[in-house]
Amino acid sequence: ELKVEQNPLFLSMQEGKNYTIYCNYSTTSDRLYWYRQDPGKSLESLFVLLSNGAVKQEGRLMASLDTKARLSTLHITAAVHDLSATYFCAVDGGDDKIIFGKGTRLHILP
Amino acid sequence: DTGVSQNPRHKITKRGQNVTFRCDPISEHNRLYWYRQTLGQGPEFLTYFQNEAQLEKSRLLSDRFSAERPKGSFSTLEIQRTEQGDSAMYLCASSRVEQFFGPGTRLTVL
Numbered sequence: 014e015l016k017v018e019q020n021p022l023f024l025s026m027q028e029g030k031n032y033t034i035y036c037n038y039s040t041t042s043d044r045l046y047w048y049r050q051d052p053g054k055s056l057e058s059l060f061v062l063l064s065n066g067a068v069k070q071e072g073r074l075m076a077s078l079d080t081k082a083r084l085s086t087l088h089i090t091a092a093v094h095d096l097s098a099t100y101f102c103a104v105d106g107g108d109d110k111i112i113f114g115k116g117t118r119l120h121i122l123p
Numbered sequence: 171d172t173g174v175s176q177n178p179r180h181k182i183t184k185r186g187q188n189v190t191f192r193c194d195p196i197s198e199h200n201r202l203y204w205y206r207q208t209l210g211q212g213p214e215f216l217t218y219f220q221n222e223a224q225l226e227k228s229r230l231l232s233d234r235f236s237a238e239r240p241k242g243s244f245s246t247l248e249i250q251r252t253e254q255g256d257s258a259m260y261l262c263a264s265s266r267v268e269q270f271f272g273p274g275t276r277l278t279v280l
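Chains A and B are the protein sequences, given in the same order.
Read left to right, the first sequence gives residues 14 to 123 (the working numbering).
Read left to right, the second sequence gives residues 171 to 280 (the working numbering).
This is how it looks when you write it as structure tokens:
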């Protein structure tokens, strides 16, 4: 059974600091996703990573994928308050069925 | 393209009542998915359709749950004899390649 583990689950950080969220998954998969969710809202797609060594960047967020280690990271550079949200890592479980981690609740302090 | 829409956005019901939710996918998306998200957790896969065919159902989908996609366009998810444990956000997503999520229906069972 495919499992996705994120850490940390909660993260409180100061504006301007850098930090990394880690995502491990248990079996091989074709795709890895990162989503953002604001309280009471639906999921916003941030990144889709398809191959080993893939790196994608959007603003202050950068995601990478190491398929051999079954590890993805989401790196936050010089955090700003607007990035406060819950970030989910998810992996394609076959037939495009997505298996999600529990999420990392990020709180950025001014 | 107006995105995935879901109705109602909120539903409060008494235990034992039946409820039905509707999802309208992005037009021409042949795959449609239902997920359930409880507080503090990531979304969990429930079922998915390719066109009008329901191809997979999760073990989470008890006999009280039924989903349809009669003409391969919109889908409905019905929960019969609701229980308090059914309280959750029910998310719909559609895809041709990448999944796009709707705003969700928040169900509260009293």
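Just so you know, even glycine gets a beta-carbon here, dropped at the ideal spot from N, CA and C.
At a cut-off of 8 Å between C-beta atoms, residue 60 (chain A) does not count as an interface residue with respect to chain B. Residues of chain A whose Cβ lies closer than 8 Å to the Cβ of residue 225 (chain B) are, in chain order, 108. Within the model, the alpha-carbon separation for residue 39 (chain A) versus residue 104 (chain A) is close to 10 Å. When only Cα atoms are considered, residue 214 (chain B) and residue 95 (chain A) end up about 27 Å apart. Around residue 69 (chain A), the same chain offers 60 and 76 as residues with beta carbons nearer than 6 Å, after the five sequence neighbours per side are excluded. At least one beta carbon of chain A lies nearer than 8 Å to the beta carbon of residue 218 (chain B). Under the Cβ criterion of 8 Å, residue 34 (chain A) is not counted among the residues facing chain B. Taken through DSSP and simplified to helix, strand or coil, residue 109 (chain A) comes out as coil.
Sequence-distant Cβ neighbours of residue 33 (chain A) in its own chain, meaning closer than 8 Å and more than five residues away, are 86, 87, 88 and 89. Looking at the DSSP output, residue 269 (chain B) bridges to B:265.
Using a C-beta cut-off of 8 Å, the segment 39-58 of chain A makes no contact with the segment 191-204 of chain B, since fewer than three inter-stretch Cβ pairs fall below that distance. A check of alpha carbon separations from residue 201 (chain B) across B:172, B:255, B:235 and B:223 identifies B:223 as the nearest. Listed along chain A, the residues sitting closer than 8 Å to residue 273 (chain B) by beta-carbon distance are 54 and 55. Each of B:178, B:203 and B:211 was checked against the Cα of residue 267 (chain B), and the nearest Cα belongs to B:203. Only residues of its own chain outside the window of five on either side were considered, and among them 189, 252, 277, 278, 279 and 280 have a CB closer than 8 Å to the CB of residue 183 (chain B), listed in chain order.
The C-beta of residue 195 (chain B) comes no closer than 8 Å to any C-beta of chain A. For residue 268 (chain B), the chain A residues whose Cβ falls inside 8 Å of its Cβ are 58 and 61, in order along the chain. About 7 Å separates the beta carbon of residue 235 (chain B) from that of residue 247 (chain B), a gap short enough to meet the 8 Å contact definition.
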